[in-house]
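Note sheet for the following structure.
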Amino acid sequence: MTGEHEGRENLSSETKDLERARQSLIEELEAINWYQERVEVIKNPELKKVLEHNRDEEKEHAAMLIEIIRKLDKTQDKVFEEHD
Ligand SMILES: [Fe+2]
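Okay, so the sequence shown: first residue is 15 according to the numbering used here, each after it adds one.
Have a look at this one:
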């Protein structure tokens with residue numbers, strides 16, 4: 015995960031926190047994909063509904079992480095407003 019290239023002890027706390035936030039975002043996006051795949055194949059309508067709800071909660075978690083990443087990383091924030 016993080017610190018693999020330069021050694022964690024050499025990284026600032028700001029960099030480490032941003033890496034934690036980005037890794038958490040990766041995990042939330044993976045969770046959305048996993049729930050979506052299960053939703054598509056599940057036959058039981060009650061279980062399907064629960065997993066759809068869980069999938070959408072993961073989307074909320076991803077949005078919360080994007081929001082904090084934008085606060086902590088000004089360049090990332092800027093490119094959300096303007097990019098090629
Ligand atoms: Fe989550």
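Glycine included, every Cβ here is placed at the ideal spot set by N, Cα and C. Please read all numbers here as calculations on a predicted model, not as lab measurements.
Same chain, Cβ closer than 8 angstroms to residue i, five either side skipped, listed in chain order
i, result
"alanine 35", "Leu79, Ile82, Ile83 and Leu86"
Per-residue DSSP class, three states only, for residue i
i, result
"leucine 56", "Going by the sequence as given, residue 56 is isoleucine instead of leucine. If DSSP states are grouped into helix, strand and coil, isoleucine 56 belongs with coil."
"leucine 25", "coil"
"aspartate 1", "Only positions 15 to 98 of the chain appear in this structure, which leaves residue 1 out of reach."
"histidine 19", "coil"
"aspartate 31", "helix"
"glutamate 96", "coil"
Close Cβ partners of residue i (< 7 angstroms) along its chain, the five nearest in sequence each way excluded
i, result
"arginine 69", "Ile46, Tyr49, Gln50 and Val53"
"isoleucine 56", "Lys62 and Leu65"
With 16 other Cβ atoms within 10 Å as the buried cut-off, status of residue i
i, result
"glutamate 23", "exposed"
"glutamate 28", "exposed"
"glutamate 96", "exposed"
Expected contact under 8 angstroms - CB spacing of residue i and residue j to nearest Å
i, j, result
"glutamate 42", "histidine 75", "5 angstroms"
Worksheet entry | Distance cut 7 angstroms, beta-carbon to ligand 1 heavy atom: residue list by chain order | Glu42, Ala45, Glu71, Glu72 and His75
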